[in-house]
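Residue numbers (my numbering): 88 to 287. Worksheet for the structure shown next.
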């Protein structure tokens, strides 16, 4: 049970074809969630990162990360899978949220890693794992516009600003939503584990 995830417990070992289908299904799930915005203060919250957390917790680290890579590839070739406010196609990668997009891979991997280590079974453990993974997402999210974008020659008002600017515009408005999404992910995942235990 040490490295078991919801996926391995419910479906067992996966063939290559089944894994490919799971990657497609998971990437479409993330794409659909990215289109849903929930009105909230101080900014509306999309369900994109909630879906990524759920995919990571359910799929495990490697398959979760591959699923997010497939999702990003869909967006970079121009499919409308990102949030409506995100630049389309490859422009998204050099836009203000480019660091967050790349960080999504790490978000899924970390959630999956926690699940494989048995840290994401109960509500509290899963919520703490989700909050920690979500907090680490801000590292590439802020590092890209603050340092990398301007060094790469991107000339925009959001590039090369001070840390206070990014704390106010790239971090603080999303903290409440991230905590709420972490709790929702924990309730869903722990509920799924409880249902599996009842069936056993």
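Glycine included, C-beta positions come from ideal geometry on N, C-alpha and C. Please read these numbers as outputs of a predicted model, since none were measured by experiment.
Worksheet item: Cα separation between residue 88 and residue 167?
Response: For this step, residue 88 is matched to residue 1 along the chain shown. For this step, residue 167 is matched to residue 80 along the chain shown. Summary for residue 88: the model assigns pLDDT 45, below 50, so the residue's position carries little reliability; its value from the coordinates is reported in the next sentence. Roughly 38 Å between the two C-alpha positions.
Worksheet item: If we call anything under 7 Å between Cβ atoms a contact, is residue 236 one with residue 140?
Response: For the purposes of this step, residue 236 is identified with residue 149 of the chain shown, where counting begins at 1. For the purposes of this step, residue 140 is identified with residue 53 of the chain shown, where counting begins at 1. For residue 236 and residue 140, no; Cβs fall outside 7 Å.
Worksheet entry | Host alpha helix (DSSP H) of residue 270 (start-end) | Along the chain shown, one-based indexing puts residue 270 at 183. Here the alpha helix (DSSP H) through residue 270 covers 262-286.
Item to complete: State the Cα-Cα distance for the pair residue 152 and residue 242, rounded to the nearest angstrom.
Response: Within the chain shown, the letter at position 65 stands for residue 152. Within the chain shown, the letter at position 155 stands for residue 242. Roughly 31 Å between the two C-alpha positions.
Worksheet item: Could you give the residue range of the alpha helix (DSSP H) that holds residue 227?
Response: The sequence position of residue 227 within the chain shown is 140, counting from 1. Segment 210-230, the alpha helix (DSSP H) holding residue 227.
Discussion item. By the three-class DSSP mapping on this structure, what secondary structure does residue 133 have?
Written reply: Within the chain shown, the letter at position 46 stands for residue 133. Here residue 133 sits in strand by DSSP.
Worksheet entry | Close-in-space but distant-in-sequence residues of the same chain around residue 187 (CB under 6 Å, 5 per side omitted) | Position 100 of the chain shown, counting from 1, holds the residue named residue 187. The residues are 228.
Worksheet item: Looking only at its own chain, which residues have a Cβ that is under 6 Å from the Cβ of residue 94, when we skip the five neighbours before and after it?
Response: As a working mapping, residue 94 is identified with position 7 in the chain shown. Here the set comprises 145, 146.
Discussion item. On a Cα-Cα basis, can you pick out the residue from 157, 97, 178, 104 that is closest to residue 113?
Written reply: For the purposes of this step, residue 113 is taken as residue 26 along the chain shown, with counting starting at 1. Ranking the options by Cα distance to residue 113, first place goes to 157.
Worksheet item: Which value, in whole angstroms, describes the spacing of the CA atoms of residue 132 and residue 171?
Response: Here residue 132 refers to the residue found at position 45 when the chain shown is read from its first residue. Here residue 171 refers to the residue found at position 84 when the chain shown is read from its first residue. For residue 132 and residue 171, the distance between alpha carbons rounds to 12 Å.
Worksheet item: How many whole angstroms separate the CB atoms of residue 163 and residue 138, which I take to be in contact at a CB cut-off of 8 Å?
Response: Here residue 163 is taken as the residue at index 76 of the chain shown, counted from 1. Here residue 138 is taken as the residue at index 51 of the chain shown, counted from 1. Between residue 138 and residue 163 the Cβ distance is about 18 Å, and since that is not below 8 Å, they are no contact.
Discussion item. Measuring alpha carbon to alpha carbon, tell me which residue in 161, 107, 129, 92 is nearest residue 119.
Written reply: Within the chain shown, the letter at position 32 stands for residue 119. Per the Cα distances, 161.
Practice prompt. Using the Cα positions of residue 250 and residue 256, report the straight-line distance between them to the nearest angstrom.
Written response: Taking the first residue of the chain shown as position 1, residue 250 is located at position 163. Taking the first residue of the chain shown as position 1, residue 256 is located at position 169. Taking the straight line joining both Cα atoms gives about 10 Å.
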